[in-house]
Amino acid sequence: MSSFFKISLLCSLSSLLLWGCSSMPAGTAQPGTSIHSVTAEGIGASLGKVYFQDSSRGLVITTDLHQLPPGDHGFHIHEQGSCAPAEKDGKMQAALAAGGHFNPTQVAHHGTPMTGHLGDLPVLHVNTQGEAKTVLLAPRLKLADIQGRAIMIHADGDNYSDLPKPLGGGGTRIACGVI
1 MSSFFKISLL CSLSSLLLWG CSSMPAGTAQ PGTSIHSVTA EGIGASLGKV YFQDSSRGLV
61 ITTDLHQLPP GDHGFHIHEQ GSCAPAEKDG KMQAALAAGG HFNPTQVAHH GTPMTGHLGD
121 LPVLHVNTQG EAKTVLLAPR LKLADIQGRA IMIHADGDNY SDLPKPLGGG GTRIACGVI
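Take the sequence shown: its letters are residues 1 to 179, numbered as in my numbering.
So, in structure tokens, the structure goes:
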């Protein structure tokens with residue numbers, strides 16, 4: 001193959017790729033949301049990113065996280081776009097400025113991603129190496145619903161119930177990002 005032919009072929013393929021990217025629907029994806037560790041003292045080290053994309057079946061959430069405690073963790077969208085600590089009952093608490101779970105329809109109880117608050121997401125599983133590289137689906141959410149809110153990772157799992165502990169038993173907020 002001549003050099004001219006190779007360059008022409010490369011230019012043609014590049015043009016097709018660029019045309020294909022420019023014809024993708026606008027607003028369906030966004031750059032990753034940075035997730036940071038959080039404590040009562042403030043926002044800490046980066047733990048990776050979470051990506052969001054609209055689909056015909058709901059909001060696709062792709063995680064690329066590291067340095068988390070292994071096991072299952074409560075994973076939720078919270079109502080305010082802040083990961084700052086705040087005071088409750090005279091004590092500073094991690095990422096409390098994010099408020100509660102995103103719940104615009106005022107559902108009375110925490111539940112599954114299909115029955116609970118709109119911010120109730122599937123449990124986040126972290127492997128034994130402290131990584132969470134997974135794809136989750138939030139069937140009742142769209143990217144527009146969560147812009148300017150926070151995504152939260154809790155210390156413990158989530159049983160999708162308010163019993164025996166409130167909000168699924170997720171406990172302390174350990175990581176957060178502003179969407």
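Cβ atoms here follow ideal geometry from the backbone N, Cα and C, with glycine treated the same way.
- Message: If distances are taken between C-alpha atoms only, which option among PRO139, ILE153, HIS154 comes closest to GLN53?
- Response: PRO139
Exercise. Given GLY170, which residues of its chain have a CB within under 6 Å of its CB, disregarding the five upstream and five downstream residues?
Worked result: GLY74, HIS154, ASP156, ASP158
Pairwise C-alpha distance: CYS176 and GLY119: 14 Å
Do ILE77 and ILE181 count as a contact pair if the criterion is CB distance below 8 Å? Residue coverage of the chain in this structure runs from 1 to 179, which leaves residue 181 outside it and unanswerable.
Suppose the cutoff is 7 Å on Cβ atoms and the five residues either side in sequence are ignored; what does the same chain contact list for GLY100 look like?
HIS78, GLU79
Out of ASP162, GLU131, ARG149, point me to the one whose CA is closest to GLY48's CA.
Just measuring C-alpha positions, the residue of ASP162, GLU131, ARG149 sitting nearest GLY48 is GLU131.
For the segment 80-87 against the segment 60-68, do three or more pairs of beta-carbon atoms, one drawn from each stretch, fall closer than 8 Å, so that the two count as touching? no
**Q.** Top-ranked residue by Cα proximity to SER37, from MET152, VAL107, LEU124
**A.** Among MET152, VAL107, LEU124, the Cα nearest to that of SER37 is on MET152.
Give the straight-line distance between the Cα atoms of LEU167 and ALA95, rounded to the nearest whole angstrom.
16 Å
Next item on the list: With a 10 Å radius around its C-beta and 16 neighbouring C-beta atoms as the bar for buried, classify VAL178 as buried or exposed.
Entry: buried
Compute the Euclidean distance between the alpha carbons of VAL107 and MET114, then round it to the nearest angstrom. Distance between VAL107 and MET114, taken at the CA atoms: about 12 Å.
Exercise. Can you tell me the Cα-Cα spacing of VAL50 and THR33, whole angstroms?
Worked result: 5 Å
Q.
Which residues does DSSP list as the beta-bridge partners of GLN80?
A. Answer by DSSP bridge pairing: none, since GLN80 is not bridged.
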